[in-house]
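A.B. asks:
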Amino acid sequence: MKSGGTKGVGLIIIAAVIFVLFPSIVHTQNKKQDKVNAMPPALVVVDKVKKGMMSPKEEFVGSVYYREISELSSEVSGKVEDFYFKEGQKVRKGKVLVRIDSSLLQKDLEAKRADLLSLEAEIDKAEKDFKRIDALYREDSIAEQVYDEYLYRLKSLKAKGDSLRATIQRMEIELKKHTILSPFDGVIINRLVDRGEWLSPGKTVATIARLSPVEVVVDIPAGIIRYIRKNSNVDVKINGRDYKGMITAIIPRGDISSRTIPVKVSLTNRGELFEAMEARVMLPTAPEREVLLLNRDAVLRLSGKTVVFTVAEGKAKMVPVDVLGYKGLMAGILSEYLTPGMQVIIKGHERLRDGQPVLVSH
Numbered sequence: 022m023k024s025g026g027t028k029g030v031g032l033i034i035i036a037a038v039i040f041v042l043f044p045s046i047v048h049t050q051n052k053k054q055d056k057v058n059a060m061p062p063a064l065v066v067v068d069k070v071k072k073g074m075m076s077p078k079e080e081f082v083g084s085v086y087y088r089e090i091s092e093l094s095s096e097v098s099g100k101v102e103d104f105y106f107k108e109g110q111k112v113r114k115g116k117v118l119v120r121i122d123s124s125l126l127q128k129d130l131e132a133k134r135a136d137l138l139s140l141e142a143e144i145d146k147a148e149k150d151f152k153r154i155d156a157l158y159r160e161d162s163i164a165e166q167v168y169d170e171y172l173y174r175l176k177s178l179k180a181k182g183d184s185l186r187a188t189i190q191r192m193e194i195e196l197k198k199h200t201i202l203s204p205f206d207g208v209i210i211n212r213l214v215d216r217g218e219w220l221s222p223g224k225t226v227a228t229i230a231r232l233s234p235v236e237v238v239v240d241i242p243a244g245i246i247r248y249i250r251k252n253s254n255v256d257v258k259i260n261g262r263d264y265k266g267m268i269t270a271i272i273p274r275g276d277i278s279s280r281t282i283p284v285k286v287s288l289t290n291r292g293e294l295f296e297a298m299e300a301r302v303m304l305p306t307a308p309e310r311e312v313l314l315l316n317r318d319a320v321l322r323l324s325g326k327t328v329v330f331t332v333a334e335g336k337a338k339m340v341p342v343d344v345l346g347y348k349g350l351m352a353g354i355l356s357e358y359l360t361p362g363m364q365v366i367i368k369g370h371e372r373l374r375d376g377q378p379v380l381v382s383h
């Protein structure tokens, strides 16, 4: 009996506390709403919700790799005269990287060119002599043996000229090889040469990586490989920046232990991406399904929730949504609070409060 009396007294006390505090709570909530209503209308831009199809997407982590890395080597022997690059430097295609001493080769080339000039003078004289002999031979004024001597001498001189020209061309090619050029627009990864060093054919002087495009390699579960399409566009995030990439290859040899398949994504590099950077790639994980499509600028993250703001009776209304994925400028979402044709705010909603008056800009 005593216990029942104690419980009764407790209930009476709780009821009294609620009776006293409830008006205060209601008053506080009303004051907050009044404060929101008293805010000046926010100028916003809206867009309509549409119906469409989209595949669910998930984020997969991969790494950035240079698509092409070249070990630049010398094709000739010689002493390094100078080099014109340093590690980490960006270089353009055709930039001179290393000069190998070619002074002796240049002298030999000058001598060969002089020999060719002398030989060409002999050929000119031999051609004139042959024309005179040919005229006499046609008149039966000289023996056939004399005619043949002049003819074959001219042919011999011309053959020597062809051989000498080929030698000069070979030496000119060799001379060009004494200058090592960048094979493409890239960045120097490693320098392996010093001034005065003797180079032999095949000696590596530098490692250069092609700057753009770069590749992101991401390992994905074998179970979703059927939803990945070559040449399809995907969203990639690296160091907090968004990039547009394209799937260029699905490697048909995976990892047995993890049951994953490597997928390569190509993207443009303006110089800010380096090998081994972490990349997050959005890839489809299931077939397309019907979703609501809206401008991706409408989607916000507030207090750990994904929301959008609609406009109802001149006021902003915050509603929760689930984002299925993104396609270009559109977001595919699921929400029981939205229907096709509804207006959602895409600009001016960064500091909006739920219930705040808004003025739609047209």
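Sequential numbering from 22 applies to the sequence shown in our numbering. Where is the CB? At the ideal position from N, CA and C, for every residue including glycine. Predicted model only: the values in this text are computed from it and were never measured.
(1) Once you ignore the five residues that flank S221 on each side, which residues in its own chain have a CB closer than 6 Å to its CB?
(2) Counting only the same chain and skipping the five closest in sequence on each side, list residues whose C-beta sits under 6 Å from that of T269.
(3) Kindly indicate which residue of P234, M298, S233, I272 has the alpha-carbon position closest to the one of I246.
(4) Could you tell me which of R120, K179, R374, G109 sits nearest to D206, measuring between CA atoms?
(5) Report all residues from its chain with a CB closer than 6 Å to the CB of I366; omit the five preceding and five following residues, and keep chain order.
(6) Flag K368 as yes when its Cβ comes closer than 7 Å to any non-hydrogen atom of the ligand NAP, and as no otherwise.
(7) I'd like to check one pair, I249 with T228: are the Cβ atoms closer than 8 Å?
(8) As a quick exercise: from E296, V208, G346, D136, pick the residue whose alpha carbon is nearest that of I189.
(9) Let me check understanding here. Comparing Cα to Cα, which of R113, H199, L304 lies closest to K348?
(10) May I ask which residues mark the beginning and end of the alpha helix (DSSP H) holding L126?
(11) Applying the criterion that 16 or more other CB atoms from any shown protein chain within 10 Å of the CB defines a buried residue, is A297 buried or exposed?
(12) Would you kindly report the start and end of the unbroken beta strand (DSSP E) that includes E299?
(13) Please report the straight-line C-alpha distance between K224 and V302, rounded to a whole angstrom.
(14) With K114 and S203 assumed to form a contact (beta carbons below 8 Å), what rounded beta-carbon distance in angstroms separates them?
(15) Could you check whether Y173 and Y158 sit closer than 8 Å to each other, using their CB atoms as the reference points?
(16) Helix, strand or coil for K368, going by three-state DSSP, please let me know.
(17) Can you check which of these residues, P308, K338, P234, is closest to T289 by C-alpha distance?
(18) In whole angstroms, give me the CA-to-CA distance for D129 and S123.
(19) Checking 8 Å against the spacing of the C-beta atoms, do L126 and L196 come in under that value?
(20) Drop a sphere of 10 angstroms on the beta-carbon of N316, count the other beta-carbons inside from all chains shown, and report buried for 16 or more, exposed for fewer.
(21) Which residue wins for smallest C-alpha separation from V344, given the options M75, A63, E170, A333?
(22) In the DSSP assignment, the beta strand (DSSP E) including R310 goes from what residue to what residue?
(23) In terms of residue numbering, what span does the beta strand (DSSP E) encompassing K114 cover?
(24) Have a look at T360, D318, V238 and flag the residue whose alpha-carbon is nearest the alpha-carbon of K368.
(25) So Y86 and V238 are supposed to be a Cβ contact under 8 Å. How far apart are they, rounded?
(26) Can you tell which of I241, I259, K265 has the C-alpha that lies nearest to the C-alpha of N252?
(27) In the DSSP assignment, what are the bridge partners of L220?
(28) Among the candidates H199, D215, V70, whose CA atom is the shortest distance from the CA of L359?
(29) With DSSP as the reference, label S184 as helix, strand or coil.
(30) Hey, how far is the Cα of L175 from the Cα of K133?
(31) Considering only their Cβ atoms, is the gap separating L140 from L185 smaller than 8 Å?
(32) Is the CB-CB distance between L154 and I163 below 8 Å?
(33) Residue ranges of each alpha helix (DSSP H) run of no fewer than 4 residues wholly in the stretch 204-253, ordered along the chain?
(34) Have a look at R274 and I241 and give me their C-alpha separation to the nearest angstrom.
(35) Tell me whether Q166 is buried or exposed, calling it buried when 16 or more other Cβ atoms sit within 10 Å of its Cβ.
(36) Check L178 in the structure and name its three-state DSSP category.
C.D. replies: Put simply:
(1) S98
(2) K285, S287
(3) I272
(4) G109
(5) V65, V67, F330
(6) Judged by which ligands are present, the structure shown has none, so any question about the ligand NAP falls away.
(7) no
(8) D136
(9) L304
(10) 124-159
(11) exposed
(12) 299-305
(13) 39 Å
(14) 6 Å
(15) no
(16) strand
(17) P234
(18) 10 Å
(19) yes
(20) buried
(21) M75
(22) 310-316
(23) Where K114 is concerned, there is no enclosing beta strand (DSSP E), given that its DSSP letter is neither H nor E.
(24) D318
(25) 6 Å
(26) K265
(27) G99
(28) V70
(29) helix
(30) 20 Å
(31) yes
(32) Before going on, a small fix: residue 154 reads as Ile here, not Leu. Their beta carbons are under 8 Å apart, which means I154 touches I163 by this criterion.
(33) none
(34) 12 Å
(35) exposed
(36) helix
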